[in-house]
Amino acid sequence: MNVIEQIKASVAAAITHLYKTDISQKDILVNTTKPEFEGDYTVVLFAFVKQLKQNPEALGNSLGNYLIHQHNQLFIEFNVVKGFLNLTIHPNIWLQFLQKESNHSQYGITTTVNNKVMVEYSSPNTNKPIHLGHLRNNFLGWSIAAILEANGNEVVKTCIVNDRGIHICKSMIAWQLFANGDTPESTQTKGDNFVGSYYVKFNEAYKQEVNALIADGMQKEIAEKEAPILKATQQMLLDWEAGKPDVIELWKNMNQWVYDGFDETYKNIGTSFDKIYYESNTYLLGKDLVEKGLQKNVFYKKEDGSVWIDLTDNGLDEKIVQRRDGTSVYITQDIGLAEQRYEEYKANESIYVIGDEQNYHMKVLKLICQKLKLPGADGIYHLSYGMVELPTGKMKSREGTVVDADDIVEEMIKISKQKTEELGKVNDFTTEELNDLYRMIGLGALKFFLLRVDPKKRIIFNPEESIDFHGFTAPFIQYTHARIKSILRKNELLPLTITDAALLKLEKDLIKHLELFPAALAEAAQEHDPSKITIYIFNTAQLFNSFYAQHSIANAESEDKKQLRLHIAQLTAHVIKTGMKVLGIGVPERM
């Protein structure tokens with residue numbers, strides 16, 4: 000039980016004793032005391048004034064006196080300011096915490112809570128390489144999975160690969176028309192980049208054909224439907240669905256080129272999955288659920304034979320779930336896959352990491368699953384996120400204006416090398432150590448920049464800004480960790496002796512902050528928001544640097560003070576390393 004939880008329990012017990020009234024601990028608000036007031040934590044009293052029929056000043060004094068008298072090992076002082084009860088914690092509480100946790104390698108990590116969560120992320124299309132926009136998805140998915148695991152959940156990481164449909168056939172047709180038999184091997188091109196280039200070629204050719212038809216007098220709307228290359232693509236999709244051997248063979252070959260490219264990128268950025276689903280295997284799922292839904296009157300059939308659901312009572316509209324020819328739509332496949340995955344893993348919660356352009360789709364998916372009473376339906380959660388843009392504007396795959404993930408990682412490592420060499424502190428590193436360091440800094444800067452913002456907000460990515468060694472960045476935090484490790488290497492760490500010596504303000508502030516690490520991890524998991532961790536770890540690094548600038552460790556006033564500060568430094572390094580780890584970011588021992 001952390002200090003805030005102890006305060007809540009103590010206050011609840013005090014109210015019960017003094018006023019014969021039970022108050023739930025979750026209704027007691029405890030904040031860090033503002034700097035202008037004396038105290039460590041503040042209990043907000045206004046919520047209980049009316050219920051307890053007390054004025055704020057009297058209530059605060061009554062509670063404060065009781066707490067000091069009954070819990071003198073936890074509290075040593077109190078004061079009341081306009082309905083706020085400010086409490087000062089006994090210094091030994093902080094020292095005992097530090098003594099217990101500074102050598103604890105698992106501090107902050109929660110044991111199993113018997114809860115299984117599935118996280119779906121990445122979900123690429125096999126007509127293009129993974130690009131900058133996909134990176135935010137990957138980093139969000141991987142990190143939220145790691146944060147949930149750190150909170151004791153059993154996590155299954157999944158991916159659905161969109162490997163069929165008209166967009167895939169566009170790349171296939173373009174390859175047939177323009178490749179002259181070229182392959183990734185013959186052109187020495189990474190497979191996903193190779194296939195993606197033909198998706199761009201398709202759109203270039205399509206535009207030319209549409210313009211030519213318009214020039215011959217055809218209306219634009221008709222020309223866009225009658226372009227020969229589009230007609231050929233639509234026929235190829237029909238041939239694929241019919242299982243035409245030569246089309247299936249080409250589809251398998253081109254998809255494999257892309258899969259090989261994806262695997263290389265995933266390894267490069269540190270992404271992994273426990274299970275990968277392929278749309279080509281799942282697109283027929285859900286048809287049996289349509290029949291069940293009709294029998295339960297969840298769905299209804301129109302005169303043309305199409306099947307719909309009416310969600311107007313839920314603030315949405317009518318949604319088709321099966322076309323009149325009996326074929327599925329995307330929502331039908333998603334319902335079927337949700338059912339299949341629950342049967343496989345029995346996850347209590349299913350988190351879908353999907354861009355905010357699919358907000359409506361995800362609302363519909365959850366509602367339909369709930370109305371069908373599918374197990375796990377209530378646990379569906381859409382981790383919606385905003386798009387990533389460049390300073391120059393939006394990226395468009397069909398126009399070839401996206402930034403490939405591999406290229407941005409390479410650029411980040413290059414900038415990392417340049418910035419690190421400017422600092423001039425790595426002269427004694429081997430070439431291999433330098434390459435590892437540049438990669439750790441460059442990739443860490445990229446991940447941190449894309450995770451430090453609330454997922455729901457749009458991001459404009461600036462590579463140079465992300466590798467600032469003095470800003471709200473991973474390199475600043477990585478440098479702080481390396482600095483602490485250097486201090487620890489130069490000084491012998493001995494067992495911490497608890498004395499009644501007073502803690503200096505920055506010593507106490509840093510220990511108090513470190514004590515909140517498990518709560519920060521829990522909040523990030525509860526809110527499905529890795530940015531909570533980026534902010535907490537950045538504040539940790541900032542606070543340590545302020546502490547170290549004011550208080551010497553090697554030349555402390557006494558041996559007891561030296562050991563106290565060494566233990567503070569050790570726990571700080573652990574918290575930084577663990578916090579960055581759940582973000583998928585490494586921290587160097589030296590830099």
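Quick note: the sequence shown, position 432, residue 431 per numbering that gives the first Met the number 0, numbers continuous.
No residue lacks a Cβ here, since even glycine has one placed at the ideal position from N, Cα and C.
- Rounded to whole angstroms, the separation of the alpha carbons of Gln369 and Trp307 is 16 Å.
- For Ile412, same chain residues with a beta-carbon under 6 Å away, outside a window of 5 residues either side, are Tyr437, Arg438 and Gly441 in chain order.
- Take the alpha-carbon of Glu76 and the one of Glu558: they are about 29 Å apart.
- Annotated three-state conformation of Leu503 is coil, per DSSP.
- Per DSSP, the beta bridge partners of Glu348 are Val116.
- With a cutoff of 8 Å on beta-carbon distance, Leu570 and Ser9 are scored as not near each other.
- Judged by their CB atoms, Ile536 and Ile466 are not nearer to each other than the 8 Å cut-off.
- Bridge pairing for Gly354: Tyr384 [DSSP].
- DSSP, reduced to helix, strand and coil, places Ser122 outside both helices and strands of the structure shown, so it counts as coil.
- In the structure shown, the three-state DSSP call for Asp403 is strand.
- In summary, Asn296 is exposed, with fewer than 16 beta-carbon neighbours lying within 10 Å of its beta-carbon over all protein chains present.
- Distance from the Cα of Thr41 is smallest, within the candidate group Glu4, Ser23, Thr311 and Arg457, for Glu4.
- Contact between Thr125 and Val257 holds: their C-beta atoms lie close to 4 Å from each other, under 8 Å.
- In the same chain as Leu445, and ignoring 5 residues on each side of it, the C-beta atoms closer than 6 Å to its own belong to Met411, in chain order.
- For Glu431, the uninterrupted alpha helix (DSSP H) run begins and ends at Thr430 to Leu450, by DSSP.
- In chain order, Ser327 place their CB closer than 7 Å to the CB of Leu283, counting only its own chain and leaving out the 5 sequence neighbours on each side.
- In the DSSP annotation of this structure, the continuous segment of the beta strand (DSSP E) that includes Lys274 starts and ends at Lys274 to Tyr277.
- Separation of the CB atoms of Val408 and Ile268 is rounded to 6 Å, and the pair is thereby assigned contact status at 8 Å.
- In the structure shown, Ile459 falls within a strand segment according to DSSP collapsed to helix, strand and coil.
- Per DSSP, reduced to three states, the secondary structure at Ile75 is strand.
- Listed in chain order, the beta strand (DSSP E) elements of length 3 or more contained wholly in the segment 145-223 are 153-160.
- Where Val257 is concerned, the enclosing alpha helix (DSSP H) starts and stops at Pro244 to Ile268.
- Contact annotation: the segment 361-381 does not touch the segment 542-555, with fewer than three C-beta pairs closer than 8 Å.
- Ranked by Cα distance from Leu422, the options Phe460, Ile458 and Tyr478 are led by Tyr478.
- Listed in chain order, the non-local C-beta contacts of Gly583 below 6 Å within the same chain comprise Trp141, Ser142, Gly269 and Lys446, local neighbours out to five positions each way being set aside.
- Non-local C-beta neighbours of Tyr65 in its own chain, meaning closer than 8 Å and more than five positions away in sequence, comprise Ala13, His16 and Leu17, ordered along the chain.
- Comparing C-alpha distances from Thr20 to each of Lys33, Leu51 and Phe36 shows the shortest one belongs to Leu51.
- By the Cβ criterion, the segment 144-153 is not in contact with the segment 196-204, since fewer than three pairs of Cβ atoms, one from each stretch, lie closer than 8 Å.
- Lys169 and Ser121 have their C-alpha atoms some 22 Å from each other.
- Only exposed fits Thr391, as fewer than 16 other CB atoms lie within 10 angstroms of its CB.
- For Leu520, the enclosing alpha helix (DSSP H) covers residues Phe516 to Gln525.
- When Asp162, Asn54 and Leu84 are compared, the shortest CA-CA separation from Asn254 is found for Asp162.
- Taking each of Pro55, Asn54, Lys291 and Lys504 in turn and checking the Cα distance to Lys372, the smallest one comes out for Lys291.
- Beyond the five residues adjoining it in sequence on each side, Tyr344 comes within less than 7 Å, by CB distance, of Lys115, Met117 and Val155 in the same chain, given in chain order.
- Going by C-alpha positions, Asp259 is about 6 Å away from Gly190.
- Using a 10 angstroms sphere on the CB of Phe45, the tally of other CB atoms stays under 16, which defines it as exposed.
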